[in-house]
Amino acid sequence: MSRFNFLFILLLCNGLFAQVGINTTSPNATLDIKSSNQTSPLSTDGILVPKVDAFPVINPGAAQNGMLVFLTTTVGINTPGFYYWENATTSWKSVGDGAKKIDDLNDGKSDLSGYSIYLGTNAGQNDSNPTANVNLGIGFSSLQNNVSGIYNTALGYGTLNNNLSYRNTAIGYQSMLSNTGGADNVAVGYLSLLTNSIGEENVAIGSNSLSKNTSGSYNIAIGSYALESNISANDNIGIGLNSLQLNTVGLKNIAIGSNSLHKNINGNSNIALGENSLKESSGANNNIAIGEETLFFNDGDDNIAIGNSALYSNQLGERNIAIGNSSMYGNYPNPNTGSDNIAMGQETLYNNTGNFNIGIGYKSLNLNQDANNNIGIGGYALEKNTIGLDNIGIGINALRSNVIGGFNIALGTNSLASNTNGQINIGIGPNSLTSNTSGVANIAVGSNALVQNTTGNNNISFGYRTLWSNLTGNNNIAVGEDALMGNNLGENNIAIGKSTLAVNKDAINNIAIGQGALQNNIQNNNIAIGTYALNVNTTGKNIAIGNQALSSNIISSGNTAIGHESLRFNTSIDNTAVGELSLNSNITGRQNTAIGARSLRDNTSGSNNVATGYAALINNTIGNYNVAYGSGSLSNNTSGSNNVGVGPGALSGNTIGSFNVAVGNEALFNNNTGDYNIAIGAYGLNDNSTGVNNIAIGFKSLEKNNTASNNVALGYQSLQNSYAGGSNVAVGYNALRNNQSGNSNTAVGYLALENNNGSRQLTAVGDSALINNTANWNTALGWNAGSNSISGTDNLFLGWNANVSTNSLNDATAIGESSVVNASNKIRFGNTGITVIEGQVPYSNPSDGRFKFDVKENVPGLNFVLKLRPVTYKFNTKKYNEYLVQNLPNEVKAEMTLKTDYSKSSNIIHSGFIAQEIEVICDEVGYNFDGLHVPEKGNSSDNYSVAYSQFIMPLVKAVQELNNKIEEQQKIINELKKKLNE
Numbered sequence: 010m011s012r013f014n015f016l017f018i019l020l021l022c023n024g025l026f027a028q029v030g031i032n033t034t035s036p037n038a039t040l041d042i043k044s045s046n047q048t049s050p051l052s053t054d055g056i057l058v059p060k061v062d063a064f065p066v067i068n069p070g071a072a073q074n075g076m077l078v079f080l081t082t083t084v085g086i087n088t089p090g091f092y093y094w095e096n097a098t099t100s101w102k103s104v105g106d107g108a109k110k111i112d113d114l115n116d117g118k119s120d121l122s123g124y125s126i127y128l129g130t131n132a133g134q135n136d137s138n139p140t141a142n143v144n145l146g147i148g149f150s151s152l153q154n155n156v157s158g159i160y161n162t163a164l165g166y167g168t169l170n171n172n173l174s175y176r177n178t179a180i181g182y183q184s185m186l187s188n189t190g191g192a193d194n195v196a197v198g199y200l201s202l203l204t205n206s207i208g209e210e211n212v213a214i215g216s217n218s219l220s221k222n223t224s225g226s227y228n229i230a231i232g233s234y235a236l237e238s239n240i241s242a243n244d245n246i247g248i249g250l251n252s253l254q255l256n257t258v259g260l261k262n263i264a265i266g267s268n269s270l271h272k273n274i275n276g277n278s279n280i281a282l283g284e285n286s287l288k289e290s291s292g293a294n295n296n297i298a299i300g301e302e303t304l305f306f307n308d309g310d311d312n313i314a315i316g317n318s319a320l321y322s323n324q325l326g327e328r329n330i331a332i333g334n335s336s337m338y339g340n341y342p343n344p345n346t347g348s349d350n351i352a353m354g355q356e357t358l359y360n361n362t363g364n365f366n367i368g369i370g371y372k373s374l375n376l377n378q379d380a381n382n383n384i385g386i387g388g389y390a391l392e393k394n395t396i397g398l399d400n401i402g403i404g405i406n407a408l409r410s411n412v413i414g415g416f417n418i419a420l421g422t423n424s425l426a427s428n429t430n431g432q433i434n435i436g437i438g439p440n441s442l443t444s445n446t447s448g449v450a451n452i453a454v455g456s457n458a459l460v461q462n463t464t465g466n467n468n469i470s471f472g473y474r475t476l477w478s479n480l481t482g483n484n485n486i487a488v489g490e491d492a493l494m495g496n497n498l499g500e501n502n503i504a505i506g507k508s509t510l511a512v513n514k515d516a517i518n519n520i521a522i523g524q525g526a527l528q529n530n531i532q533n534n535n536i537a538i539g540t541y542a543l544n545v546n547t548t549g550k551n552i553a554i555g556n557q558a559l560s561s562n563i564i565s566s567g568n569t570a571i572g573h574e575s576l577r578f579n580t581s582i583d584n585t586a587v588g589e590l591s592l593n594s595n596i597t598g599r600q601n602t603a604i605g606a607r608s609l610r611d612n613t614s615g616s617n618n619v620a621t622g623y624a625a626l627i628n629n630t631i632g633n634y635n636v637a638y639g640s641g642s643l644s645n646n647t648s649g650s651n652n653v654g655v656g657p658g659a660l661s662g663n664t665i666g667s668f669n670v671a672v673g674n675e676a677l678f679n680n681n682t683g684d685y686n687i688a689i690g691a692y693g694l695n696d697n698s699t700g701v702n703n704i705a706i707g708f709k710s711l712e713k714n715n716t717a718s719n720n721v722a723l724g725y726q727s728l729q730n731s732y733a734g735g736s737n738v739a740v741g742y743n744a745l746r747n748n749q750s751g752n753s754n755t756a757v758g759y760l761a762l763e764n765n766n767g768s769r770q771l772t773a774v775g776d777s778a779l780i781n782n783t784a785n786w787n788t789a790l791g792w793n794a795g796s797n798s799i800s801g802t803d804n805l806f807l808g809w810n811a812n813v814s815t816n817s818l819n820d821a822t823a824i825g826e827s828s829v830v831n832a833s834n835k836i837r838f839g840n841t842g843i844t845v846i847e848g849q850v851p852y853s854n855p856s857d858g859r860f861k862f863d864v865k866e867n868v869p870g871l872n873f874v875l876k877l878r879p880v881t882y883k884f885n886t887k888k889y890n891e892y893l894v895q896n897l898p899n900e901v902k903a904e905m906t907l908k909t910d911y912s913k914s915s916n917i918i919h920s921g922f923i924a925q926e927i928e929v930i931c932d933e934v935g936y937n938f939d940g941l942h943v944p945e946k947g948n949s950s951d952n953y954s955v956a957y958s959q960f961i962m963p964l965v966k967a968v969q970e971l972n973n974k975i976e977e978q979q980k981i982i983n984e985l986k987k988k989l990n991e
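Per the numbering used here, the sequence shown runs over residues 10 to 991.
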């Protein structure tokens, strides 16, 4: 029966899901637990989570993330309480330990540990040194009757009530009420600092802040009624609506706000910024007001007003300066007059109703009505102006008769005196433009300049009698005595200098600068700058700048000459000369450009040349398509063509050489007939005379080259001293520097092949590679590679510091970093630190019988092999390396020793022979053994070496001899066996 019940319950539970209720049949959640009585619960109504005295030794996992326990004891820094497992941080997290104690927040006086914190009714009442009087009061009567309180802060109704200072901060209704003796106060709120007495350095922010403050000093009030009725206040600053309102006996006040300094009484040295600032102020002195209706109805003295309505209705104001919109607006005694005016002088701007006028001088702008933006300085200046705008008249009678003319400037007695309706004119000087009536946009500077002009427009005249006869001519510029003096109808001319364009009457669009320039011109569209430039020109259209530039030109056009006597004798077209005597002798040459003194000076018929720099192409006569840039560049060229010289003295000596490029100071300096050369860098190919197809890039590269050809030098002083060597390539600082006659060499790298002289067919790539080489047919690749080789030939060096032990080895090869070969006809792989030489297949020697001769069967066998002493040994690679490099420079030896680790290579256990013992055996048996290398006589760095592969031949011979003996013995054995069997 029990089994049946269990099965029934199991099946029933298997079908249940969603919600579980305890003490309830209608759960409202996945788990809903009801108390026994919600209104009157039992002491056992609740949930107990698992209690633990310590956290589990093994941390829970992700499945337990969020698991809750109650810790009953203190474990480390964890106090008893609820904790849950946070798997993401693999740590137990505290749920919290409830609220902190609130003893310090009780109403009234705080306990000793609170350091004077109050909250409510009568808070801080009669506080006497609760922990050194560091007080904070919040609420009704806070800090009430505080005694000896320091560092007080009070917020709320009755704050700082009867406080006895120091450094108080009060915020709220009646804050700092009746504070006495308080210093360094800050009050924020309604009635803040109310009736404060003997307060110092107060700051009040709020509606009635500093209201009726008494004996207050250094006050700053920001708020509606800031500093209202301030009493005995000093150095006040009020910011806000009605700030400093009704301030009395105030000194040195600054008010910023709408009605700032409102009705200030007997205030001195006030500064007000803002709308209605200094409004209705009385008795104020030395005021500065900036803003809307500044100094509104002010009756003070020595005021400065800047801004809208400045000095508005100012009464009895003296020595006022008004700058800005409506300045002096309604200035007493004429309260309805214009604004933004500056008036200085008796009756100046007397009838003014206009704006933005300045009148300085007796009756200047006297009749001005509603005209604006005029300046009149001087007796009667602009006296009769009524509606003319934007005029400036400086000087007695300047623009005196002007009525409606606008935008005129007159400087000088009677300047523009008769002008009535002319506009945009400038007259500077006595009687300048004095007859002008309706002419527009003229400028006359000088006595009697444009004196007869009546209706001419847009003319500029500088100097005595300039444009003197001009009546109706327009758009002319004349500078200098009598310049364009006779001009009548001519337009768009510029004449600067005495008598320039003097006889011009109706020609247009000419520019003449310099005495006598274009003096006789009758044509249009010329430019002449310089004394007598284009002096006799009649119908040509040219540009000449310089003394007597194009001075002989009559009818030719399209030329530009800039410089003393440039193109002086020219009769051709389309040339440009800039510089003294540039293209001076040119006659028929065309389309030349010469920039620089004496550039292309002697050119006669050469065309399409460009010369820039002093004396560039100076001697060229018939050469074409040359470019010279730099002082003296291509200076001796006569008939050479298609050359480019850039730099002082570049291609200076070239005469007939063509298709050369020289860039740099004295590059290709002495080249004479050489063609197709390129030199870039100071003194590059400096001495080249007849060499062709050379390229030199770098300071003094190929400097001494004379007749050699087909060289390439790139780098500072590369191939510097080579004079006859050809077909060389040098790239790098001082590469092949000392080469003189060597041919077909290649040097790439700093100091590569630097000291090579006459050797040929060398290749050096790398810093200091083959630096000391003087022999032929060597190749070096790598830093300092082959640097110790001097007279040796047919050598190969591959690798950093690959080298020879002595300087005269031939057909020697060193391959690998710091590898050193110590004998001629020898190949060295790697340095002494190498422990393995590996290849994919065995090394093979050529062994073709077709090429062998003198073949002999004289290889010793057992007689040689039996004398050998096989041994094992270690090899001192460091000592061996020191032996190899004994003749190298000390700095090279130090570098090689620094980079190499000998420990591994010196600890290898080798199997082999002692070479000296093999030498003795060979002598004994008379065997000339090629497997043994004996040091060369006189070569102190050579060493014994053994080729172990060569021992195969004696070993084979020994095996053959042994085999013969075995066969003979076997024959004897067989015979003995036969006899035994008989």
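We treat Cβ as the ideally placed atom computed from N, Cα and C, and that holds for glycine.
Everything numeric in this text was worked out from a predicted model, so none of it was measured.
#1: In the DSSP assignment, find the beta strand (DSSP E) that holds V488 and state where it starts and stops.
#2: Please confirm whether T81 has its beta-carbon closer than 8 Å to some beta-carbon of chain D.
#3: Closest by CA to I265, which one among Q378, L282, G658, G735?
#4: Where does E926 land, buried or exposed, given buried means 16+ other C-beta within 10 angstroms?
#5: So what does DSSP say about D932, is it helix, strand or coil?
#6: What would DSSP say about F91, mapped onto helix, strand or coil?
#7: With a cut-off of 8 Å, do at least 3 Cβ pairs link the segment 270 to 285 to the segment 248 to 258?
#8: Take the Cβ of N294 as the centre, count every other Cβ of all protein chains shown within 10 Å, and call the residue buried at 16 or more, exposed below.
#9: My parser needs the beta strand (DSSP E) runs of 3 or more residues fully inside the segment 558 to 626; what are they?
#10: Could you tell me the alpha carbon to alpha carbon distance between S736 and E763, rounded to whole angstroms?
#11: Using the three-state DSSP reduction, which class does N343 fall into: helix, strand or coil?
#12: What residue from N518, A492, I517 has the CA that sits closest to G506's CA?
#13: Checking 8 Å against the spacing of the C-beta atoms, do N593 and R577 come in under that value?
#14: Can you tell me the Cα-Cα spacing of N990 and K974, whole angstroms?
#15: Check each candidate in V78, D62, I67 and name the one with the smallest Cα separation from G85.
#16: Give me the Cβ distance between V738 and G758, rounded to the nearest whole Å; I'm assuming they're in contact under 8 Å.
#17: F64 to M76, Cα distance in whole Å?
#18: Could you tell me which residues DSSP pairs with F838 in its beta bridges?
#19: Could you tell me the boundaries of the alpha helix (DSSP H) in which F806 lies?
#20: Cutting at 6 Å between CB atoms, please list the residues of its own chain near A671, excluding the five before and the five after it.
#21: Using 10 angstroms around the beta-carbon of R409, count the other beta-carbons present and answer buried if the total reaches 16, otherwise exposed.
#22: For Y953, is the classification buried or exposed, using 16 other Cβ atoms within 10 angstroms of its Cβ as the cut-off for buried?
#23: Per DSSP, which residues does H919 bridge with? Please list them.
#24: Measure the alpha-carbon distance for G632 versus G683 and round it to whole angstroms.
#25: Would you identify the three-state DSSP class for T906, choosing helix, strand or coil?
#26: Using 8 Å as the Cβ pair cut-off and three pairs as the minimum, do the segment 867 to 881 and the segment 791 to 802 touch?
#27: If I measure Cβ to Cβ from N880 and keep anything under 8 Å in the same chain, skipping five residues before and after, which residues do I get?
#28: Give me whichever residues DSSP pairs with T204 in a beta bridge.
#29: From D113 to S35, what distance separates their C-alpha atoms?
#30: Roughly how many whole angstroms lie between the Cα atoms of I982 and E976?
#31: Can you name, in chain order, every residue of its own chain whose Cβ lies under 6 Å from the Cβ of G567, other than the five neighbours on each side?
#32: If distances are taken between C-alpha atoms only, which option among T475, I469, N462 comes closest to T481?
#33: S958: which of L941, D951, S950 sits nearest, CA to CA?
#34: For N840, collect the residues of the same chain with a Cβ closer than 8 Å to its Cβ; drop the 5 residues on either side in sequence, then sort them by chain order.
#35: Under 8 Å by Cβ, that's how I've got I627 and S644 pegged, so tell me the actual separation to the nearest angstrom.
#36: What would DSSP say about E209, mapped onto helix, strand or coil?
Considering the structure as presented:
#1: Counting from one through the sequence shown, the residue named residue 488 turns up at place 479. Residues 486 to 488.
#2: Among the chains in the structure shown there is no chain D, since it carries only a single protein chain.
#3: The count along the sequence shown starts at 1 and reaches residue 265 at position 256. It is L282 whose Cα lies nearest to the Cα of I265.
#4: Reading the sequence shown from its first residue, position 917 is the one you call residue 926. Taking all protein chains shown into account, E926 has fewer than 16 neighbouring C-beta atoms within 10 Å of its C-beta and is therefore exposed.
#5: Numbered from its first residue, the sequence shown carries residue 932 at position 923. D932: helix per DSSP, three-state reduction.
#6: Position 82 of the sequence shown, counted from the start, is the residue given in the question as residue 91. Here DSSP, grouped into helix, strand and coil, assigns F91 to strand.
#7: As far as the Cβ criterion goes, the segment 270 to 285 touches the segment 248 to 258, which means the pair count is three or higher.
#8: By one-based count along the sequence shown, residue 294 stands at place 285. The C-beta of N294 has fewer than 16 other C-beta atoms within 10 Å across all chains shown, which makes the residue exposed.
#9: Whole beta strand (DSSP E) segments, 3+ residues: 569 to 571, 585 to 587, 602 to 604, 619 to 621.
#10: Here residue 736 refers to the residue found at position 727 when the sequence shown is read from its first residue. Here residue 763 refers to the residue found at position 754 when the sequence shown is read from its first residue. Going by the C-alpha atoms only, they are around 16 Å apart.
#11: In the sequence shown, the residue the question calls residue 343 occupies position 334. Residue placement at N343 is poorly supported in this model, since its pLDDT is 48, which falls under 50; the coordinates are not used for a value here.
#12: On the sequence shown, residue 506 is found 497 positions in, with the first residue counted as 1. The residue among N518, A492, I517 with its C-alpha nearest the C-alpha of G506 is A492.
#13: Indexing the sequence shown from 1 puts residue 593 at position 584. Indexing the sequence shown from 1 puts residue 577 at position 568. Yes, Cβ-Cβ distance for N593 and R577 is below 8 Å.
#14: Start at 1 with the first residue of the sequence shown, and residue 990 comes out as number 981. Start at 1 with the first residue of the sequence shown, and residue 974 comes out as number 965. Whole-angstrom Cα-Cα distance: 24 Å.
#15: Start at 1 with the first residue of the sequence shown, and residue 85 comes out as number 76. Selected option, being the one with the closest Cα: D62.
#16: What you label residue 738 is simply residue 729 of the sequence shown in a count that begins at 1. What you label residue 758 is simply residue 749 of the sequence shown in a count that begins at 1. The distance from the Cβ of V738 to that of G758 is about 12 Å, inconsistent with a contact at the 8 Å cut-off.
#17: The residue you call residue 64 lines up with position 55 of the sequence shown. The residue you call residue 76 lines up with position 67 of the sequence shown. Those two C-alpha atoms are separated by around 12 Å.
#18: Numbered from 1 along the sequence shown, position 829 holds the residue referred to as residue 838. DSSP output for F838 lists I824 as bridge partner(s).
#19: Position 797 of the sequence shown, counted from the first residue, corresponds to residue 806. DSSP places F806 outside any alpha helix (DSSP H); the residue lies instead in the beta strand (DSSP E), whose first and last residues are 805 to 807.
#20: Your numbering for residue 671 matches position 662 in the sequence shown. Cβ neighbours of A671 beyond the five flanking positions: G654, A659, L660, L677, A688.
#21: Translated into positions along the sequence shown, residue 409 becomes position 400. By the 10 Å Cβ count, R409 comes out buried.
#22: Locating residue 953 in the sequence shown gives position 944, counting from the first residue. By the 10 Å Cβ count, Y953 comes out exposed.
#23: On the sequence shown, position 910 is the one that residue 919 refers to. Note: H919 sits in a beta bridge opposite Y882.
#24: Indexing the sequence shown from 1 puts residue 632 at position 623. Indexing the sequence shown from 1 puts residue 683 at position 674. The alpha-carbon atoms of G632 and G683 are separated by roughly 15 Å.
#25: Taking the sequence shown and counting its residues from 1, the one referred to as residue 906 is at position 897. T906: helix per DSSP, three-state reduction.
#26: In this structure the segment 867 to 881 does not touch the segment 791 to 802; the number of beta carbon pairs closer than 8 Å is below three.
#27: One-based indexing of the sequence shown puts residue 880 at position 871. Residue identity check: residue 880 is Val in the sequence provided, not Asn. For V880, where only same-chain residues beyond five positions count, the Cβ hits under 8 Å are S920, G921, F922, I923.
#28: As a first step, residue 204 must be located in the sequence shown, where it is residue number 195. Its beta-bridge partners do not exist; DSSP assigns none.
#29: As a position in the sequence shown, residue 113 is number 104, starting the count at 1. As a position in the sequence shown, residue 35 is number 26, starting the count at 1. At D113 the pLDDT is 42, less than 50, meaning the model places this residue with poor confidence and gives no usable figure here.
#30: The count along the sequence shown starts at 1 and reaches residue 982 at position 973. The count along the sequence shown starts at 1 and reaches residue 976 at position 967. Approximately 10 Å between the Cα atoms of the pair.
#31: Here residue 567 refers to the residue found at position 558 of the sequence shown. Excluding positions up to five away in sequence, the list reads I582, D583.
#32: As a position in the sequence shown, residue 481 is number 472, starting the count at 1. In terms of CA proximity to T481, N462 leads the group T475, I469, N462.
#33: Reading the sequence shown from its first residue, position 949 is the one you call residue 958. Its Cα nearest to that of S958, the residue L941 stands out among L941, D951, S950.
#34: Position 831 of the sequence shown, counted from the start, is the residue given in the question as residue 840. Same-chain partners within the cutoff: G825, E826, S827, S828, V829, N890, M905, T909.
#35: Residue mapping note: residue 627 aligns to position 618 of the sequence shown, counting from 1. Residue mapping note: residue 644 aligns to position 635 of the sequence shown, counting from 1. Yes, I627 and S644 are in contact; Cβ-Cβ is about 5 Å, under 8 Å.
#36: What you label residue 209 is simply residue 200 of the sequence shown in a count that begins at 1. DSSP, read as helix, strand or coil, puts E209 in strand.
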